[in-house]
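Asks:
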Amino acid sequence: MAAIQSETSRYPGSPRRSLAPVQGLLGRMREDKTLLRRVLMIGGVAIVALAALAFWLMGGRYVSTDDAYVQTQKLMVSTDVSGLVKTVNVREGERVKKGQVLFTLDPHPFQIALDNAKAQLGQVVQSVAATKADYQSMISAADAQRAQVDLNQRNFDRYAALLKVNAIAPATYDQARLTLAASKQQLVQAEQTAKTQLAKLNGNPDIAPEQTPQYQQALAAVQEAQRQLDHATVRAPFDGIVAEVDSLQPGTLVISAMSAFSTTSAVGLVGTDHVWIEAHMKETDLTHVKAGDPVSISIDTYPDHTWHGHVDAVSAASGAAFSVLPAENASGNWVKVTQRIPTRIIIDRKKGDPELRAGMSAVVDIDTGKRTWQRMFSDR
1 MAAIQSETSR
11 YPGSPRRSLA
21 PVQGLLGRMR
31 EDKTLLRRVL
41 MIGGVAIVAL
51 AALAFWLMGG
61 RYVSTDDAYV
71 QTQKLMVSTD
81 VSGLVKTVNV
91 REGERVKKGQ
101 VLFTLDPHPF
111 QIALDNAKAQ
121 LGQVVQSVAA
131 TKADYQSMIS
141 AADAQRAQVD
151 LNQRNFDRYA
161 ALLKVNAIAP
171 ATYDQARLTL
181 AASKQQLVQA
191 EQTAKTQLAK
201 LNGNPDIAPE
211 QTPQYQQALA
221 AVQEAQRQLD
231 HATVRAPFDG
241 IVAEVDSLQP
251 GTLVISAMSA
261 FSTTSAVGLV
271 GTDHVWIEAH
281 MKETDLTHVK
291 AGDPVSISID
301 TYPDHTWHGH
311 VDAVSAASGA
321 AFSVLPAENA
331 SGNWVKVTQR
341 IPTRIIIDRK
351 KGDPELRAGM
361 SAVVDIDTGK
371 RTWQRMFSDR
């Protein structure tokens, strides 16, 4: 046996000597695996810690809803005068600026009314001048009648003195008395007529025609006729896009206060300047939501673009509170339903943002700046 061992050790390529490097390699692999396990363990703990920190910083702080839609100014274009459409100056989907002509009504009836009102105004001016002349004539007539009364009074006094000495017949005295009474009555009538004319002049014989009630009334009629003529040309009240204009054709009768671009409740003009989001938030999510909170907004039409904005206002009532038939919860079978409160969000628009249209669906995330444990572990 000893001979065999000595013989084996004599040759360097023996099996025992060749296993030593392999055993060293296996040892180093065990050390590397232990080190890797430690690195992975430390890295995993760090990742979990970072995730927990991120969850703490962000979780429970944001409230979100996809029950949100783009809103803009919407107007059912109408006029406050009735008439036949003469021209339609826009086409479906055309962009218009504030003050741009949309359509016009036949101006002839309104022009005729304006001309008549102006003629009435001119007649009032002439009437005032005639009234002033009549008043001066009545004053002159009253002065003349007053002088006649004075003359008849002196004659009556003289006849009365002569009658006392039987110098005249009683019939002459009676005639003088009747003449005096008649002249006094005529004086009263002349003064009353002068007062009537003066009243038409508002108590001022030197009044200007523009200061009389009749003139003011006629002037108001002229202004109203001018307003109706001006409103026969219908202009856009704000920048926007025209819709439902195909139903309006020359010759169409437009009735005052009715939509000109549609016989239904369709929108006639959709604004493009003032755009906002109306989000219907759960009442349980509004605990810390307030005006000014920053908001991230995504629109379904543009999934790769994010808008930013802020909360403008939270409605004072839920949508159900304004319902025509509000919910009746006085019955025995009642299920509590989380209400949604309309929340207005202003979009901070930037140049180059995609165009938003009324009714587009949106998803909003509101940063309340406050964390609550309940919201952290609830479905946002």
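With the working numbering applied, the sequence shown has no gaps in its numbers, which climb one by one up to 380 at the end. Backbone N, C-alpha and C fix where the C-beta goes; we use that ideal spot for every residue, glycine too.
Touch check for the segment 78 to 89 and the segment 241 to 259: three-plus C-beta pairs under 8 Å?
Replies: At 8 Å Cβ cutoff, the stretches touch.
Asks: How far does the beta strand (DSSP E) with Pro342 in it reach, from first residue to last?
Replies: Unbroken beta strand (DSSP E) run through Pro342: Arg340 to Ile347.
Asks: How about Ala389 and Leu114: do their beta carbons lie closer than 8 Å?
Replies: Nothing in the structure corresponds to residue 389, since the chain is present only between 1 and 380.
Asks: Just the C-alpha distance for Thr212 and Leu163, rounded to the nearest angstrom, thanks.
Replies: Looking at the two C-alpha atoms, the distance is approximately 54 Å.
Asks: Can you give the beta carbon distance from Ser64 to Val289, rounded, assuming they're within the 8 Å contact cut?
Replies: Contact doesn't hold; Cβ gap of about 11 Å is too wide.
Asks: Roughly how many angstroms lie between the CA atoms of Gly309 and Met360, to the nearest whole one?
Replies: Roughly 16 Å separates the two Cα atoms.
Asks: Report the option in Glu244, Asp106 and Gln186 whose CA atom is closest to the CA atom of Ala232.
Replies: Considering only alpha carbons, the answer is Asp106.
Asks: Quick one: what does DSSP say Pro294 is sitting in, helix, strand or coil?
Replies: Pro294: strand per DSSP, three-state reduction.
Asks: If contacts are defined as beta-carbon pairs under 8 Å, then Gln153 and Leu187 qualify, I think. What distance do you get, rounded to the angstrom?
Replies: Between Leu187 and Gln153 the Cβ distance is about 11 Å, and since that is not below 8 Å, they are no contact.
Asks: Between which two residues does the beta strand (DSSP E) containing Ile277 stretch?
Replies: Looking at the DSSP string, the run of the beta strand (DSSP E) that includes Ile277 is Leu269 to Lys282.
Asks: Helix, strand or coil for Asp239? Go by DSSP, reduced to three states.
Replies: The answer is coil: DSSP assigns Asp239 none of H, G, I, E or B.
Asks: If we require 4 or more residues per run, which alpha helix (DSSP H) segments fall completely within the segment 189 to 231?
Replies: Runs found: 213 to 231.
Asks: For Thr263 and Leu75, I'd like the C-alpha separation in whole angstroms.
Replies: With a pLDDT of 48 at Thr263, under the threshold of 50, the predicted position of this residue should be treated as unreliable, and no value is reported.
Asks: Just tell me which of Arg146, Asn155 and Asp157 has its CA closest to the CA of Gln185.
Replies: For the residues Arg146, Asn155 and Asp157, the minimum Cα distance to Gln185 belongs to Arg146.
Asks: Within 10 angstroms of its Cβ, does Gln217 collect 16 or more other Cβ (buried), or is it exposed?
Replies: Flag for Gln217 reads exposed.
Asks: Which of the three DSSP states, helix, strand or coil, is assigned to Ile255?
Replies: If DSSP states are grouped into helix, strand and coil, Ile255 belongs with coil.
Asks: Leaving out five residues before and five after Glu283 in sequence, what residues of the same chain have Cβ atoms less than 8 Å from its Cβ?
Replies: Ser318, Thr338, Gln339, Arg340 and Ile341, listed in sequence order.
Asks: Between the alpha carbons of Val96 and Val245, how many angstroms are there, rounded?
Replies: Cα to Cα, the separation comes out at about 13 Å.
Asks: Where does Lys370 land, buried or exposed, given buried means 16+ other C-beta within 10 angstroms?
Replies: Exposed, since its Cβ has fewer than 16 Cβ neighbours within 10 Å.
Asks: Rounded to a whole number of angstroms, what is the C-alpha to C-alpha distance between Val149 and Ser183?
Replies: Going from the Cα of Val149 to the Cα of Ser183 covers about 5 Å.
Asks: For Ala362, which of helix, strand or coil comes out of DSSP?
Replies: Ala362: strand per DSSP, three-state reduction.
Asks: When DSSP builds the beta bridges, which residues end up paired with Trp307?
Replies: Trp307 pairs with Ile297.
Asks: Pairs of beta-carbons, one from the segment 86 to 94 and one from the segment 291 to 305, closer than 8 Å: are there three or more?
Replies: No contact exists between the segment 86 to 94 and the segment 291 to 305.
Asks: Does Lys132 pass the burial test, meaning 16 or more other C-beta atoms within 10 Å, or should it be called exposed?
Replies: Result: buried.
Asks: Any idea what DSSP makes of Asp353, helix, strand or coil?
Replies: Of the three classes helix, strand and coil, the one that applies to Asp353 here is coil, per DSSP.
Asks: Measure the alpha-carbon distance for Asp304 versus Gly240 and round it to whole angstroms.
Replies: Those two C-alpha atoms are separated by around 26 Å.
Asks: Between the Cα of Lys350 and the Cα atoms of Asp273, Val234 and Val101, which residue gives the shortest distance?
Replies: Comparing Cα positions, the closest option is Asp273.
Asks: DSSP on Arg95, reduced to helix/strand/coil?
Replies: Arg95 falls in the strand class under three-state DSSP.
Asks: Once DSSP output is grouped into helix, strand and coil, what is the label at Asp115?
Replies: Three-state result, Asp115: helix.
Asks: Taking buried to mean at least 16 other C-beta atoms within 10 Å of its own C-beta, is Val335 buried or exposed?
Replies: It counts as exposed.
Asks: So, for Thr343: in the same chain, excluding its five sequence neighbours on each side, which residues have a beta-carbon less than 6 Å away from its beta-carbon?
Replies: Same-chain partners within the cutoff: Ala279, Met281 and Val314.
Asks: Quick one, which of Ile42, Leu50, Ile207 and Leu269 has its alpha-carbon nearest Ala129's?
Replies: When only C-alpha atoms are compared, the closest one is Ile207.
Asks: Mapping DSSP to helix, strand and coil, what is Ala142?
Replies: In the structure shown, Ala142 sits in a helix (DSSP, three-state: H, G or I).
Asks: For the candidate residues Gln223, Asn155, Ala243 and Phe322, whose alpha-carbon lies nearest to that of Leu102?
Replies: Nearest option by C-alpha distance: Ala243.
Asks: Starting from Leu84 and walking both ways along the beta strand (DSSP E), at which residues does that stretch end?
Replies: Unbroken beta strand (DSSP E) run through Leu84: Gly83 to Val88.
Asks: Exposed or buried, Gly44, counting other C-beta atoms within 10 Å across all chains shown (16 or more means buried)?
Replies: Label assigned to Gly44: exposed.
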